[in-house]
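Undergrad: Following the numbering used here, the numbering of the sequence shown begins with 1221 at its first residue and continues without gaps.
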Amino acid sequence: MPVGIGRLGEEKVQNRNALAEGLRVPTLRSMSERSAEFVFALCNPESERAMKVEVEMMKLGWRSSYQRRGFVTFKSDQPFKIDDLAVEIACARRLCLSHGKFKTREHAVEALKESGAMLIHDAKYELSKMRGVTVENQEHPKIGDLVGTVVELGESEFWAGLHRHQKAISPDPGGDSGVLMPDSSPSRAWLKLEEAVRFWGLEFTPQDIVVELGCAPGGVVLALLDRGASVIGVDPAKMADVVMEHAITDRREAPNDRPWFYHCKKPAALAAKRDLGPEVTWFMSDMNQAPSVVLKECERFKKMAPGIRGVLITLKLTSMEQVAEKADWFSALREMGFTTVRLQQLSVNHREFALLGLRGSSAEALQP
Ligand SMILES: C[S@@+](CC[C@H](N)C(=O)[O-])C[C@H]1O[C@@H](n2cnc3c(N)ncnc32)[C@H](O)[C@@H]1O
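1) Give, in chain order, every unbroken run of the alpha helix (DSSP H) that is at least 4 residues long and sits entirely within the stretch 1253-1312.
2) Quick check on the burial criterion: 16 or more other C-beta atoms within 10 angstroms. Buried or exposed for Gly1281?
3) Compute the Euclidean distance between the alpha carbons of His1383 and Lys1279, then round it to the nearest angstrom.
4) Please classify Arg1351 as buried or exposed, where buried requires at least 16 other C-beta atoms within 10 Å of its C-beta.
5) List the endpoints of the continuous alpha helix (DSSP H) containing His1483.
6) Determine the DSSP secondary structure at Gln1542, reduced to helix, strand or coil.
7) Which complete beta strand (DSSP E) runs does the stretch 1415-1455 hold, if anything under 3 residues is left out?
8) Would the beta-carbon of Arg1455 be found less than 6 Å away from any heavy atom of ligand 1?
9) Within a Cβ cutoff of 7 Å, which residues of the same chain sit near Ala1460, ignoring the five residues on either side of it in sequence?
10) Which residues in the same chain as Ser1404 place their Cβ atom closer than 8 Å to its Cβ, once the five residues preceding and following it in sequence are excluded?
11) Starting from Met1504, trace the beta strand (DSSP E) in both directions and tell me its first and last residue.
12) Cβ atoms of Ala1256 and Phe1300: under 7 Å apart, would you say?
13) For Ala1343, name the three-state secondary structure that DSSP assigns.
14) DSSP puts Met1350 in a beta bridge; with which residues?
15) Please go through the same chain and pick out, in chain order, the residues whose beta-carbon is closer than 6 Å to the beta-carbon of Asp1455, but skip the five residues on each side of it.
16) Is DSSP giving Leu1411 helix, strand or coil here?
17) Is any heavy atom in ligand 2 found nearer than 6 Å to the beta carbon of Pro1487?
18) Determine the burial state of Arg1562: buried for a count of at least 16 other Cβ atoms within 10 Å of its Cβ, exposed for fewer.
19) Cα-Cα, which of Leu1586, Ser1539, Gly1557 and Ser1582 is closest to Glu1274?
20) Whole angstroms is fine: what's the gap from Leu1586's alpha carbon to Gly1394's?
21) What is the DSSP secondary structure of Phe1573, reduced to helix, strand or coil?
22) Go ahead and label Glu1375 buried or exposed: buried means 16 or more other beta carbons lie within 10 angstroms of its beta carbon, across all protein chains shown.
23) Could you check whether the Cβ of Cys1435 sits closer than 6 Å to any heavy atom belonging to ligand 1?
24) By how many angstroms is the C-alpha of Ala1574 removed from the C-alpha of Val1355?
25) Can Ala1312 and Cys1263 be called in contact, C-beta distance under 7 Å?
26) In or out: Glu1432 buried (at least 16 other Cβ within 10 Å) or exposed?
27) By the three-class DSSP mapping on this structure, what secondary structure does Val1355 have?
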């Protein structure tokens, strides 16, 4: 049974000996200093190897140690401090100082409470996924809050970890919002947009006009329309009826009183400035194309629509280890003027990553 913030305060430490018995691998050296011998990372199953490649490439000096599906521990020459968690590992949905392994969830929770966790999140490996356990009406942590995570890996294998909530990291257990797709969505891509919005705390307003390359059949478009933004979708393929209900036929006659959809029914390379109009604020792409192709298109669209303040791209990879190229993707976005750039494998991504670029006040909102 997951424990939300309300119940946490009510729980009492009943038996400290039992806690000591349950603690099989006590790795937290000093609770007051919040340092630990190990950190652990939660990721999507089958991204463990890519995460190790990424960590190696980042030259953090971390060495991988114990590992299970969706769960990797790292060790270093020096004890880890909580500030060491402020690294951006695209494959990791959650990074924690490890308190080690416990026989029961209760023992793990007690240890986390003792080290100052104000809120407990749960995650478990289930149905081939590392899932966050969402609790109805659970409050999101505030910036600076210490959050404990209990990861259930087996009947008597509960790992306890601690992190500090920051801007631009997921507020949800295990970095997984658990959001469910509505039946009306024509594709799973709806989840990709919604998960990215929740992970990074992105905001859209009725003033936003998003251009999306590879928009058919329209899951992302539907999510954006529901969030009040209008969309210019570029794709030669057919859109779902549920999206076409919002369609306009002439971009120049877009209404001001409701979100609309304009289908630019051609390949991205043939889309021109007149298809976009003057007010585009976001660039998105979900095409099945190589990162270099998508980033070239992004650059071209940014030139045609200089008001673009945000970029959200689903990068489809042939191999997850291509994450080692992330510095090139970041440089490409920075050269286009995006000052805050992030790469993240979201819980709903398969062999893909979400690449985010922001500038101006949108970028400031996400900076630590
Ligand atoms: C994964 S689907 C996109 C799903 C969509 N974003 C949604 O929300 O439902 C990929 C789409 O990319 C489109 N696509 C591939 N290459 C393209 C190109 N060069 N220009 C425009 N669309 C392209 C395909 O036609 C296909 O509809």
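Here a beta-carbon is modelled for each residue, glycine too, at the ideal position from N, C-alpha and C.
TA: In terms of the structure at hand:
1) Within the stretch 1253-1312, the complete alpha helix (DSSP H) runs of at least 4 residues are 1268-1277.
2) With fewer than 16 neighbouring CB atoms inside 10 Å of its own CB, Gly1281 falls in the exposed class.
3) Using only the alpha carbons, I get a separation of about 21 Å.
4) Arg1351 comes out buried.
5) Element bounds for His1483: not the alpha helix (DSSP H) but the beta strand (DSSP E), Phe1481 to Cys1484.
6) DSSP places Gln1542 in helix when its eight states are reduced to three.
7) Whole beta strand (DSSP E) segments, 3+ residues: 1429-1433 and 1450-1454.
8) It should be pointed out that residue 1455 corresponds to Asp in this sequence rather than to Arg. Look at Asp1455: its beta carbon is less than 6 Å from one of the heavy atoms in ligand 1.
9) So the list reads Pro1406, Pro1437 and Gly1438, once near-sequence residues are dropped.
10) Hits under 8 Å: Leu1442 and Val1462.
11) Unbroken beta strand (DSSP E) run through Met1504: Trp1502 to Ser1505.
12) It is a contact, given that the beta carbons lie within the stated cut-off.
13) Looking at Ala1343 - three-state DSSP - the assignment turns out to be strand.
14) Per DSSP, Tyr1345.
15) Correct list, in chain order: Gly1434, Cys1435 and Ala1436.
16) In the structure shown, the three-state DSSP call for Leu1411 is helix.
17) For the structure depicted, ligand 2 is absent and the ligand set comprises only ligand 1.
18) Arg1562 comes out buried.
19) Comparing Cα-Cα distances from Glu1274 to each of Leu1586, Ser1539, Gly1557 and Ser1582, the minimum goes to Ser1539.
20) Computed Cα separation, rounded: 20 Å.
21) Three-state result, Phe1573: strand.
22) With fewer than 16 Cβ atoms within 10 Å of its Cβ, Glu1375 is classed as exposed.
23) The answer is yes for Cys1435.
24) The alpha-carbon atoms of Val1355 and Ala1574 are separated by roughly 25 Å.
25) A contact, by the Cβ cut-off of 7 Å.
26) Using a 10 angstroms sphere on the CB of Glu1432, the tally of other CB atoms reaches 16 or more, which defines it as buried.
27) Note: Val1355 maps to coil in three-state DSSP.
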